[in-house]
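In UniProt numbering, the protein residues as written are 1 to 344. Even for Gly, the Cβ is constructed at its ideal location relative to N, Cα and C. Predicted model only: the values in this text are computed from it and were never measured. Okay, so here's the structure we're looking at.
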(Lines of atoms letter the chains of each structure in order from A and count residues from 1; the text may use other names and numbers.)
(Lines give C-alpha, C1' and ligand atoms only; values in the text may rest on other atoms or scores of the structure.)
Protein backbone atom coordinates (compact mmCIF):
# COMPACT_ATOMS: atom_id res chain seq x y z
CA UNK A 1 0.00 0.00 0.00
CA UNK A 2 2.87 2.33 0.87
CA UNK A 3 4.47 1.67 -2.54
CA UNK A 4 1.18 2.45 -4.33
CA UNK A 5 0.87 5.75 -2.46
CA UNK A 6 4.45 6.64 -3.38
CA UNK A 7 3.81 5.84 -7.05
CA UNK A 8 0.58 7.88 -7.09
CA UNK A 9 2.43 10.79 -5.47
CA UNK A 10 5.18 10.58 -8.10
CA UNK A 11 2.64 10.60 -10.94
CA UNK A 12 0.83 13.57 -9.40
CA UNK A 13 4.10 15.44 -9.04
CA UNK A 14 5.02 14.65 -12.64
CA UNK A 15 1.61 15.84 -13.79
CA UNK A 16 1.99 19.07 -11.88
CA UNK A 17 5.51 19.52 -13.25
CA UNK A 18 4.34 18.87 -16.83
CA UNK A 19 1.54 21.37 -16.36
CA UNK A 20 4.02 23.88 -15.01
CA UNK A 21 6.36 23.26 -17.93
CA UNK A 22 3.45 23.68 -20.30
CA UNK A 23 2.49 26.95 -18.68
CA UNK A 24 6.05 28.20 -18.98
CA UNK A 25 6.16 27.12 -22.60
CA UNK A 26 2.92 28.96 -23.28
CA UNK A 27 4.15 32.11 -21.55
CA UNK A 28 7.31 32.03 -23.65
CA UNK A 29 5.47 31.37 -26.91
CA UNK A 30 6.12 33.81 -29.71
CA UNK A 31 3.76 35.64 -31.99
CA UNK A 32 4.35 36.86 -35.52
CA UNK A 33 4.55 40.62 -36.01
CA UNK A 34 2.46 42.20 -38.76
CA UNK A 35 1.62 45.79 -37.90
CA UNK A 36 0.78 48.67 -40.17
CA UNK A 37 0.13 51.65 -37.99
CA UNK A 38 0.69 55.34 -37.33
CA UNK A 39 2.98 56.29 -34.46
CA UNK A 40 3.16 59.80 -33.02
CA UNK A 41 6.65 61.13 -33.67
CA UNK A 42 7.52 64.77 -33.17
CA UNK A 43 3.92 65.45 -32.27
CA UNK A 44 2.54 64.13 -35.59
CA UNK A 45 1.25 60.74 -36.73
CA UNK A 46 3.72 58.96 -39.03
CA UNK A 47 3.43 55.61 -40.78
CA UNK A 48 5.41 52.68 -39.36
CA UNK A 49 5.33 49.11 -40.68
CA UNK A 50 6.68 46.30 -38.49
CA UNK A 51 7.01 42.77 -39.85
CA UNK A 52 8.66 39.67 -38.41
CA UNK A 53 8.14 35.94 -38.01
CA UNK A 54 8.32 36.33 -34.22
CA UNK A 55 8.09 39.12 -31.70
CA UNK A 56 11.21 37.68 -30.03
CA UNK A 57 13.47 38.37 -33.02
CA UNK A 58 15.97 41.25 -33.09
CA UNK A 59 14.71 44.57 -34.45
CA UNK A 60 16.11 46.38 -37.51
CA UNK A 61 15.06 49.98 -38.10
CA UNK A 62 15.37 50.90 -41.80
CA UNK A 63 15.80 54.63 -42.55
CA UNK A 64 14.89 55.35 -46.17
CA UNK A 65 16.48 57.95 -48.40
CA UNK A 66 15.44 60.65 -50.79
CA UNK A 67 14.92 62.67 -48.76
CA UNK A 68 11.25 61.98 -49.28
CA UNK A 69 11.46 58.63 -51.08
CA UNK A 70 9.89 55.87 -48.92
CA UNK A 71 11.29 52.37 -49.05
CA UNK A 72 8.30 50.45 -47.69
CA UNK A 73 7.03 48.92 -50.97
CA UNK A 74 10.59 48.07 -52.01
CA UNK A 75 11.22 46.24 -48.75
CA UNK A 76 8.00 44.26 -49.15
CA UNK A 77 8.85 43.31 -52.73
CA UNK A 78 12.61 42.67 -52.62
CA UNK A 79 13.55 42.10 -48.99
CA UNK A 80 10.78 40.03 -47.38
CA UNK A 81 13.35 37.35 -46.45
CA UNK A 82 14.64 39.71 -43.78
CA UNK A 83 11.39 39.30 -41.86
CA UNK A 84 12.12 35.61 -41.26
CA UNK A 85 15.12 36.48 -39.09
CA UNK A 86 14.27 39.90 -37.64
CA UNK A 87 11.50 42.39 -37.05
CA UNK A 88 11.90 44.71 -40.02
CA UNK A 89 10.70 48.23 -39.31
CA UNK A 90 9.99 50.51 -42.26
CA UNK A 91 9.13 54.12 -41.43
CA UNK A 92 7.71 56.59 -43.95
CA UNK A 93 9.34 59.78 -42.70
CA UNK A 94 7.43 63.06 -42.38
CA UNK A 95 6.73 64.54 -45.80
CA UNK A 96 6.60 61.30 -47.76
CA UNK A 97 4.83 57.99 -48.26
CA UNK A 98 1.77 57.18 -46.23
CA UNK A 99 2.82 59.80 -43.69
CA UNK A 100 2.54 62.41 -46.46
CA UNK A 101 -0.83 61.08 -47.55
CA UNK A 102 -2.10 61.46 -43.99
CA UNK A 103 -0.45 64.83 -43.45
CA UNK A 104 0.87 66.56 -46.62
CA UNK A 105 2.09 69.62 -44.69
CA UNK A 106 3.94 68.43 -41.59
CA UNK A 107 4.76 71.18 -39.12
CA UNK A 108 8.31 69.96 -38.56
CA UNK A 109 10.54 68.89 -41.44
CA UNK A 110 14.29 69.37 -41.13
CA UNK A 111 17.35 67.18 -40.69
CA UNK A 112 17.13 67.94 -36.97
CA UNK A 113 13.47 66.90 -36.76
CA UNK A 114 14.14 63.71 -38.77
CA UNK A 115 16.93 62.74 -36.37
CA UNK A 116 14.69 63.52 -33.40
CA UNK A 117 11.78 61.54 -34.87
CA UNK A 118 14.06 58.57 -35.56
CA UNK A 119 15.33 58.64 -31.97
CA UNK A 120 11.76 58.79 -30.68
CA UNK A 121 10.88 55.81 -32.89
CA UNK A 122 13.92 53.92 -31.59
CA UNK A 123 12.74 54.36 -28.00
CA UNK A 124 9.24 53.28 -29.03
CA UNK A 125 10.56 50.09 -30.63
CA UNK A 126 12.77 49.22 -27.68
CA UNK A 127 9.78 49.48 -25.36
CA UNK A 128 7.32 47.85 -27.75
CA UNK A 129 9.47 44.73 -28.21
CA UNK A 130 11.23 44.79 -24.84
CA UNK A 131 14.69 45.20 -26.35
CA UNK A 132 17.80 46.61 -24.74
CA UNK A 133 19.06 47.70 -28.17
CA UNK A 134 18.14 47.46 -31.86
CA UNK A 135 20.09 47.49 -35.12
CA UNK A 136 20.07 50.66 -37.22
CA UNK A 137 20.28 50.88 -41.02
CA UNK A 138 20.45 54.10 -43.01
CA UNK A 139 20.04 54.05 -46.80
CA UNK A 140 21.13 56.91 -49.08
CA UNK A 141 19.92 60.16 -47.45
CA UNK A 142 18.66 58.03 -44.56
CA UNK A 143 22.35 57.35 -43.88
CA UNK A 144 22.76 60.99 -42.85
CA UNK A 145 20.11 60.48 -40.17
CA UNK A 146 21.61 57.10 -39.29
CA UNK A 147 25.19 58.24 -38.80
CA UNK A 148 24.07 61.17 -36.64
CA UNK A 149 21.94 58.82 -34.51
CA UNK A 150 24.77 56.30 -34.14
CA UNK A 151 27.09 59.02 -32.92
CA UNK A 152 24.61 60.66 -30.54
CA UNK A 153 22.84 57.59 -29.09
CA UNK A 154 25.24 54.61 -29.21
CA UNK A 155 23.53 53.07 -26.18
CA UNK A 156 20.43 52.36 -28.31
CA UNK A 157 22.08 50.34 -31.09
CA UNK A 158 23.98 47.09 -31.48
CA UNK A 159 25.46 48.28 -34.79
CA UNK A 160 25.07 50.83 -37.55
CA UNK A 161 24.70 49.78 -41.19
CA UNK A 162 25.17 52.50 -43.82
CA UNK A 163 23.97 51.56 -47.31
CA UNK A 164 24.99 53.99 -50.10
CA UNK A 165 26.33 56.12 -47.27
CA UNK A 166 26.52 59.89 -47.66
CA UNK A 167 29.60 61.54 -46.15
CA UNK A 168 30.44 64.67 -48.14
CA UNK A 169 28.04 65.78 -50.88
CA UNK A 170 30.60 68.14 -52.43
CA UNK A 171 33.14 65.35 -52.84
CA UNK A 172 30.42 63.03 -54.12
CA UNK A 173 29.46 65.66 -56.69
CA UNK A 174 33.04 66.12 -57.93
CA UNK A 175 33.69 62.37 -58.30
CA UNK A 176 30.33 61.86 -59.99
CA UNK A 177 30.88 64.71 -62.47
CA UNK A 178 34.35 63.45 -63.36
CA UNK A 179 32.99 59.96 -64.04
CA UNK A 180 30.34 61.42 -66.34
CA UNK A 181 32.97 63.40 -68.23
CA UNK A 182 35.11 60.31 -68.66
CA UNK A 183 32.17 58.28 -69.97
CA UNK A 184 31.06 61.01 -72.36
CA UNK A 185 34.57 61.48 -73.73
CA UNK A 186 34.98 57.74 -74.29
CA UNK A 187 31.68 57.65 -76.16
CA UNK A 188 32.38 60.99 -77.89
CA UNK A 189 28.97 62.08 -76.65
CA UNK A 190 29.04 65.80 -77.35
CA UNK A 191 25.45 66.33 -76.15
CA UNK A 192 26.31 65.06 -72.68
CA UNK A 193 29.59 67.02 -72.61
CA UNK A 194 27.68 70.19 -73.46
CA UNK A 195 25.11 69.44 -70.76
CA UNK A 196 27.87 68.87 -68.21
CA UNK A 197 29.42 72.19 -69.16
CA UNK A 198 26.11 73.96 -68.52
CA UNK A 199 25.79 72.24 -65.15
CA UNK A 200 29.31 73.27 -64.16
CA UNK A 201 28.56 76.87 -65.13
CA UNK A 202 25.33 76.72 -63.12
CA UNK A 203 23.52 77.87 -66.25
CA UNK A 204 19.92 78.72 -65.33
CA UNK A 205 18.60 76.59 -68.19
CA UNK A 206 19.55 73.51 -66.16
CA UNK A 207 20.47 74.90 -62.73
CA UNK A 208 17.94 77.35 -61.38
CA UNK A 209 18.22 75.69 -57.99
CA UNK A 210 20.50 73.15 -56.35
CA UNK A 211 17.77 70.55 -56.82
CA UNK A 212 17.65 71.39 -60.54
CA UNK A 213 21.41 70.88 -60.79
CA UNK A 214 21.14 67.56 -59.03
CA UNK A 215 18.32 66.33 -61.24
CA UNK A 216 20.11 67.46 -64.42
CA UNK A 217 23.16 65.44 -63.44
CA UNK A 218 21.01 62.53 -62.28
CA UNK A 219 19.39 62.24 -65.71
CA UNK A 220 22.83 61.88 -67.30
CA UNK A 221 23.77 59.21 -64.75
CA UNK A 222 20.64 57.26 -65.66
CA UNK A 223 21.64 57.41 -69.32
CA UNK A 224 24.97 55.74 -68.52
CA UNK A 225 23.58 53.28 -65.93
CA UNK A 226 25.37 55.15 -63.16
CA UNK A 227 22.43 54.94 -60.79
CA UNK A 228 20.79 51.54 -61.28
CA UNK A 229 23.31 49.29 -63.01
CA UNK A 230 20.87 46.87 -64.64
CA UNK A 231 17.98 48.58 -66.49
CA UNK A 232 15.81 45.50 -65.98
CA UNK A 233 15.97 46.04 -62.23
CA UNK A 234 14.68 49.57 -62.74
CA UNK A 235 11.52 48.09 -64.26
CA UNK A 236 11.06 45.84 -61.23
CA UNK A 237 11.50 48.79 -58.88
CA UNK A 238 8.87 50.76 -60.78
CA UNK A 239 6.57 47.74 -60.54
CA UNK A 240 7.03 47.56 -56.78
CA UNK A 241 6.42 51.28 -56.37
CA UNK A 242 3.34 51.70 -58.52
CA UNK A 243 1.66 48.44 -59.49
CA UNK A 244 1.76 45.86 -56.68
CA UNK A 245 0.54 47.41 -53.43
CA UNK A 246 -2.84 49.12 -53.24
CA UNK A 247 -1.78 51.57 -50.53
CA UNK A 248 0.90 53.06 -52.82
CA UNK A 249 -0.83 52.84 -56.22
CA UNK A 250 -2.26 56.35 -55.98
CA UNK A 251 0.80 57.84 -54.32
CA UNK A 252 2.48 60.65 -56.29
CA UNK A 253 6.16 59.90 -55.71
CA UNK A 254 7.56 63.04 -57.32
CA UNK A 255 5.04 65.39 -55.76
CA UNK A 256 6.09 64.25 -52.29
CA UNK A 257 9.79 64.13 -53.21
CA UNK A 258 9.75 67.67 -54.58
CA UNK A 259 7.85 68.89 -51.53
CA UNK A 260 10.27 67.32 -49.05
CA UNK A 261 13.37 68.28 -51.02
CA UNK A 262 12.22 71.88 -51.33
CA UNK A 263 11.90 72.13 -47.54
CA UNK A 264 15.30 70.52 -46.94
CA UNK A 265 17.28 71.77 -49.96
CA UNK A 266 19.42 74.24 -48.04
CA UNK A 267 21.08 71.39 -46.15
CA UNK A 268 20.63 68.29 -48.30
CA UNK A 269 23.18 69.35 -50.90
CA UNK A 270 25.65 70.77 -48.37
CA UNK A 271 26.00 67.69 -46.19
CA UNK A 272 29.41 67.09 -44.62
CA UNK A 273 29.71 64.38 -41.98
CA UNK A 274 33.51 64.23 -41.91
CA UNK A 275 33.37 65.89 -38.49
CA UNK A 276 32.18 62.59 -37.04
CA UNK A 277 35.55 61.06 -36.22
CA UNK A 278 34.53 58.05 -34.13
CA UNK A 279 31.62 55.79 -33.20
CA UNK A 280 31.24 53.59 -30.14
CA UNK A 281 29.44 50.77 -31.99
CA UNK A 282 30.32 48.44 -34.90
CA UNK A 283 29.96 50.07 -38.32
CA UNK A 284 29.25 48.40 -41.66
CA UNK A 285 29.15 50.38 -44.91
CA UNK A 286 27.74 48.87 -48.11
CA UNK A 287 27.86 50.23 -51.64
CA UNK A 288 27.23 49.28 -55.22
CA UNK A 289 30.37 49.15 -57.31
CA UNK A 290 28.57 51.05 -60.08
CA UNK A 291 26.99 53.78 -57.96
CA UNK A 292 28.09 57.10 -59.44
CA UNK A 293 25.28 59.05 -57.81
CA UNK A 294 26.91 58.60 -54.39
CA UNK A 295 30.27 57.06 -55.34
CA UNK A 296 31.24 54.45 -52.77
CA UNK A 297 34.91 55.42 -52.88
CA UNK A 298 34.10 58.56 -50.87
CA UNK A 299 32.52 56.64 -47.99
CA UNK A 300 35.21 53.93 -48.19
CA UNK A 301 37.94 56.55 -47.72
CA UNK A 302 36.07 58.00 -44.75
CA UNK A 303 35.57 54.62 -43.10
CA UNK A 304 39.31 53.94 -43.15
CA UNK A 305 39.89 56.95 -40.92
CA UNK A 306 36.85 56.44 -38.67
CA UNK A 307 37.53 55.06 -35.19
CA UNK A 308 35.11 52.27 -34.21
CA UNK A 309 35.26 48.96 -32.29
CA UNK A 310 34.61 47.16 -35.58
CA UNK A 311 34.22 48.39 -39.14
CA UNK A 312 33.82 46.78 -42.53
CA UNK A 313 33.17 47.96 -46.08
CA UNK A 314 31.10 45.62 -48.24
CA UNK A 315 30.91 46.03 -52.02
CA UNK A 316 28.06 44.81 -54.21
CA UNK A 317 29.65 44.15 -57.56
CA UNK A 318 26.46 44.06 -59.66
CA UNK A 319 24.77 47.09 -58.10
CA UNK A 320 24.56 50.80 -58.59
CA UNK A 321 22.92 53.02 -56.00
CA UNK A 322 20.39 50.47 -54.73
CA UNK A 323 21.90 47.15 -53.53
CA UNK A 324 18.70 46.21 -51.61
CA UNK A 325 16.85 45.95 -54.94
CA UNK A 326 19.68 45.26 -57.38
CA UNK A 327 21.18 42.31 -55.49
CA UNK A 328 18.42 41.38 -53.04
CA UNK A 329 19.64 37.83 -52.29
CA UNK A 330 23.15 38.94 -51.37
CA UNK A 331 21.84 41.99 -49.56
CA UNK A 332 19.33 40.01 -47.48
CA UNK A 333 21.92 37.38 -46.53
CA UNK A 334 24.45 40.06 -45.62
CA UNK A 335 22.00 41.92 -43.39
CA UNK A 336 20.78 38.72 -41.72
CA UNK A 337 24.34 37.66 -40.92
CA UNK A 338 25.23 41.00 -39.37
CA UNK A 339 22.01 41.33 -37.37
CA UNK A 340 22.35 37.80 -35.98
CA UNK A 341 25.96 38.30 -34.99
CA UNK A 342 25.55 41.72 -33.41
CA UNK A 343 22.26 41.30 -31.57
CA UNK A 344 23.26 38.23 -29.53
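Once the 5 residues before and after residue 313 are set aside, which same chain residues still bring their CB inside 7 angstroms of it?
285, 300 and 303
By Cβ distance below 7 angstroms, which residues in the same chain neighbour residue 327 in space, the five residues on each side in sequence not counted?
316, 318 and 319
Alpha-carbon to alpha-carbon, residue 32 and residue 144:
31 angstroms
Are at least three pairs of beta-carbons, each pair with one atom in the segment 120 to 132 and one in the segment 274 to 288, less than 8 angstroms apart?
no
Nearest to residue 55 by alpha carbon, out of 30, 63, 42 and 73?
30
Start and end residues, beta strand (DSSP E) containing residue 45:
44 to 52
Starting from residue 37, follow the beta strand (DSSP E) in both directions and report where the run begins and ends.
33 to 41
From residue 355 to residue 240, what distance separates their C-alpha atoms?
Here the chain comprises residues numbered 1 to 344, so residue 355 is not present and cannot be evaluated.
Report yes if the C-beta distance between residue 65 and residue 141 is below 7 angstroms; otherwise report no.
yes
Unbroken alpha helix (DSSP H) run spanning residue 210, endpoints
210 to 223
Neighbour-count burial assignment, residue 282, 16 or more Cβ in a 10 Å radius
buried
Coarse secondary structure for residue 308, derived from DSSP in three states
coil
Mark residue 51 as exposed unless 16 or more other C-beta atoms lie within 10 angstroms of its C-beta, in which case mark it buried.
buried
Could you name the residues of the same chain whose beta carbon sits closer than 7 angstroms to that of residue 84, not counting the 5 residues immediately before and after it, in chain order?
53
Please determine, among 88, 230, 203 and 36, the residue with the shortest C-alpha to C-alpha distance to residue 322.
230
By Cβ distance below 7 angstroms, which residues in the same chain neighbour residue 210 in space, the five residues on each side in sequence not counted?
265 and 269
Whole-angstrom distance between residue 161 and residue 172, CA atom to CA atom:
19 angstroms
Check whether the segment 41 to 48 touches the segment 290 to 300, taking contact to mean three or more Cβ pairs, one atom from each stretch, closer than 8 angstroms.
no
Environment of residue 335 [buried if 16+ CB atoms lie within 10 Å]:
buried
In chain order, what residues of the same chain lie with their CB nearer than 8 angstroms to the CB of residue 110, ignoring the 5 residues before and after it?
263, 264 and 267
Out of 331, 220 and 69, point me to the one whose CA is closest to residue 255's CA.
69
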